[in-house]
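**Q** To start, I am sharing the structure in question, which I have written as structure tokens.
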Amino acid sequence: MDPCIGCVAINESRGSGVLYHQSLHDGFVPAQGPQQAFADAIDRHIEEHFGRGEFVYHEITSHLVGVHVYVVTPSEERPYRTLITSGMSELPMTVPEGHDISPYAELMLSLPADWPLTEVAGLGDETGWPLRILKQVARLPHEYGTWIGEWHSVPNGDPAQPYATDTPFAGVVVTPMLRVPPEARTIDVGGGIRIALLALIPLHPEEIAVKVKRGTDALIEVLDRGRVTELLDPRRPSYA
743 MDPCIGCVAI NESRGSGVLY HQSLHDGFVP AQGPQQAFAD AIDRHIEEHF
793 GRGEFVYHEI TSHLVGVHVY VVTPSEERPY RTLITSGMSE LPMTVPEGHD
843 ISPYAELMLS LPADWPLTEV AGLGDETGWP LRILKQVARL PHEYGTWIGE
893 WHSVPNGDPA QPYATDTPFA GVVVTPMLRV PPEARTIDVG GGIRIALLAL
943 IPLHPEEIAV KVKRGTDALI EVLDRGRVTE LLDPRRPSYA
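End of the sequence shown sits at 982 in the numbering used here; the numbers just go up one at a time, nothing left out.
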């Protein structure tokens with residue numbers, strides 16, 4: 743059966759907002775450093791559920807939290823690269839009362855195996871925008887004193903602008919992962935602490951407009967129409 747966003751979304755807690763906020767911080771705030779138990783749990787989880795790491799984009803100097811990005815090599819089972827953050831969970835998010843979700847999260851997305859990634863690729867490179875959005879969205883809840891949950895969307899500016907000159911995508915929506923078993927969606931740190939591992943799906947401007955004007959359920963219908971998952975198809979059309 744093909745992955746289906748609506749199949750896992752209907753009964754899950756989810757955010758309905760489009761995130762626009764004002765920063766709580768004036769200038770650079772150095773990260774406090776990783777919690778070793780969290781970092782170790784993320785390492786184990788990646789190897790168990792996604793495979794061998796190819797390399798890691800480490801941060802030398804970090805604002806608020808140190809967001810490192812693991813690149814998992816393609817395999818027979820998962821013939822594409824998977825990018826997973828480690829460090830967003832250094833701090834808890836500000837989750838409102840009444841939401842039964844973990845205050846800790848990490849993010850991921852998958853890229854075609856031939857996507858031009860190298861260990862020295864810069865975030866400013868035209869093909870580096872998936873790395874940029876992982877880092878930007880990972881810092882967002884800590885920068886603005888908010889939270890990231892399933893079906894929150896984050897446009898790239900207002901009005902939303904493409905991430906790069908050669909891509910139409912101008913925002914992302916946070917979703918459950920579809921190409922993994924359910925147990926891969928949660929990282930168990932121990933001591934009752936769990937980290938939600940959430941996917942980012944890049945959106946066309948028209949798809950962002952569907953979310954803004956018609957809501958989450960309408961966007962889910964749009965993405966299901968195109969069988970869109972966390973594996974980025976850089977040439978996919980808008981399904982709005």
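Where a beta carbon is used, it is the ideal one built from N, C-alpha and C, also for glycine.
Decide if residue 975 is buried, meaning its Cβ has at least 16 other Cβ atoms within 10 Å, or exposed.
**A** By the 10 Å Cβ count, residue 975 comes out exposed.
**Q** Answer with buried or exposed for residue 751, where buried requires no fewer than 16 other C-beta atoms within 10 angstroms of its C-beta.
**A** With a pLDDT of 40 at residue 751, under the threshold of 50, the predicted position of this residue should be treated as unreliable, though the coordinate-derived value follows. With 16 or more other Cβ atoms within 10 Å, it is buried.
**Q** Could you tell me how far apart the beta carbons of residue 774 and residue 832 are, in whole angstroms, since I believe they sit closer than 8 angstroms?
**A** With a Cβ gap of about 7 angstroms, residue 774 and residue 832 count as contacting.
**Q** Quick check: the Cα distance between residue 803 and residue 881, rounded to an integer number of angstroms?
**A** Those two C-alpha atoms are separated by around 14 angstroms.
**Q** Closer than 7 angstroms by C-beta to residue 898: which residues in its own chain qualify, once you throw out the five before and the five after it? Chain order, please.
**A** Same-chain partners within the cutoff: 905, 912, 913.
**Q** Does DSSP classify residue 752 as helix, strand or coil?
**A** With a pLDDT of only 32 at residue 752, under 50, the local geometry of the prediction cannot be trusted, and no value is derived from it.
**Q** I'd like the span of the beta strand (DSSP E) that includes residue 908, first residue to last.
**A** Neither: residue 908 is in no beta strand (DSSP E) and is coded neither H nor E.
**Q** Go through the segment 846-890 residue by residue and report every complete run of the alpha helix (DSSP H) that reaches 4 residues or more, in order.
**A** Runs found: 871-886.
**Q** Going by beta carbon distance, what residues of the same chain come within less than 8 angstroms of residue 783, once the five residues before and after it are set aside?
**A** Excluding positions up to five away in sequence, the list reads 929, 930, 931, 932, 937.
**Q** What residues in its chain sit with their C-beta under 8 angstroms from that of residue 978, if we drop five residues either side in the sequence?
**A** If we look at residue 978 and ignore the five residues flanking it on each side, its Cβ neighbours are 968, 970.
**Q** Per the DSSP calculation, residue 973 is bridged to which residue(s)?
**A** The partner list for residue 973 (beta bridge, DSSP) reads 852.
**Q** Please identify the residue among 818, 877, 799 whose C-alpha is closest to the C-alpha of residue 861.
**A** With distances taken between Cα atoms, residue 861 lies closest to 799.
**Q** Which whole-angstrom value describes the C-beta separation of residue 809 and residue 830, a residue pair presumed to lie in contact below a C-beta threshold of 8 angstroms?
**A** Contact holds; Cβ gap of about 6 angstroms.
**Q** Got a sec, what are the start and stop residues for the beta strand (DSSP E) residue 939 sits in?
**A** Its beta strand (DSSP E) spans residues 935-945.
**Q** For the beta strand (DSSP E) that contains residue 789, what are its first and last residues?
**A** Premise fails: residue 789 lies in the alpha helix (DSSP H), 778-791, not in any beta strand (DSSP E).
**Q** Give me, in chain order, the residues of the same chain whose beta-carbon lies closer than 8 angstroms to that of residue 869; leave out the 5 immediate sequence neighbours on both sides.
**A** Same-chain partners within the cutoff: 857, 858, 859, 863, 906.
**Q** Classify residue 955: buried if its beta carbon has 16 or more other beta carbons within 10 angstroms, exposed otherwise.
**A** By the neighbour-count rule (16 or more Cβ atoms within 10 Å), residue 955 is not buried but exposed.
**Q** Taking 7 angstroms as the threshold (beta carbon to beta carbon), is residue 890 in contact with chain C?
**A** Here chain C cannot be found, since the structure has a single protein chain.
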